[in-house]
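Report on one structure; see the data block that follows.
Residue numbers (the numbering used here): 30 to 254.
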């Protein structure tokens, strides 16, 4: 198999494995067997190892010398630091885009919000689909800065936050509450109001920190330190 074909398979395995981890298919501390994963995905070991190495870089998987490969254990402190880092990147991004944001970009944000609105009105709430839109919504504000290095930093932070949400209860109620912040962010961006956008981001950040503490799954992650 060529390097290009192996790399393409590695990307596919990475996406599926990453999704499984974030959705809680694998629990923190679970040991991963490269051979079993290769059999599961119907590929050789090389694409699996490539995917695992990328997830190690993101902090979702850890390799313990002479012991094996494990789903990372997330500490409360790690999660709080990730939320703070994400907020810092977002307010920097807001300051960079506020004066040159286009109506077309604002419309993209609005379309995402409308999709999230629709999901919240459905009889059966799909938290996975909603959370994917949530991630896309937040990533755009960083993407629009055009700074690839900052985008890479931001993308390395989000998986840690997603991990912490695995054990959340009442995700529908919490999603409804925080979705109001998304509407406030949109209105601030439409008005090119940096102070209003930062305020909405701060409210969103504070709400996430409170909910993370209230819903911390000690069975999965251990006690709050």
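Note that the Cβ used here is the ideal one computed from N, Cα and C, for glycine as well.
### Message
Please state whether the Cβ-Cβ distance between residue 119 and residue 230 is less than 7 Å.
### Response
yes
### Query
Can you find a heavy atom of the ligand HEM that lies under 6 Å from the Cβ of residue 128?
Among the ligands in the structure shown, none appear at all, so the ligand HEM cannot be discussed.
### Query
In this structure, what does DSSP give as the bridge partners for residue 91?
99
#### Entry: Proximal residues to residue 234 (C-beta, below 7 Å), its chain only, five neighbours per side dropped
112 and 116
### Query
If we ignore side chains and look at the alpha-carbon of each, how far apart do residue 49 and residue 178 end up?
26 Å
### Task
Take residue 208 and list the residues in its own chain whose beta-carbon comes closer than 7 Å to its own, dropping the five residues that flank it on each side.
145 and 149
### Query
Is the number of C-beta pairs between the region 70-85 and the region 40-48 that are closer than 8 Å three or more?
yes
### Task
Compare the C-alpha of residue 239 against each of 253, 214, 248 and 226 and name the closest.
253
#### Entry: Bounding residues of the alpha helix (DSSP H) (the contiguous stretch that carries residue 72)
Here residue 72 belongs to no alpha helix (DSSP H), and DSSP marks it neither H nor E.
#### Entry: Buried versus exposed call for residue 103 [16 or more other C-beta atoms within 10 Å across all chains shown]
buried
### Task
Can you grab the Cα-Cα spacing for the pair residue 96 / residue 134, in whole Å?
48 Å
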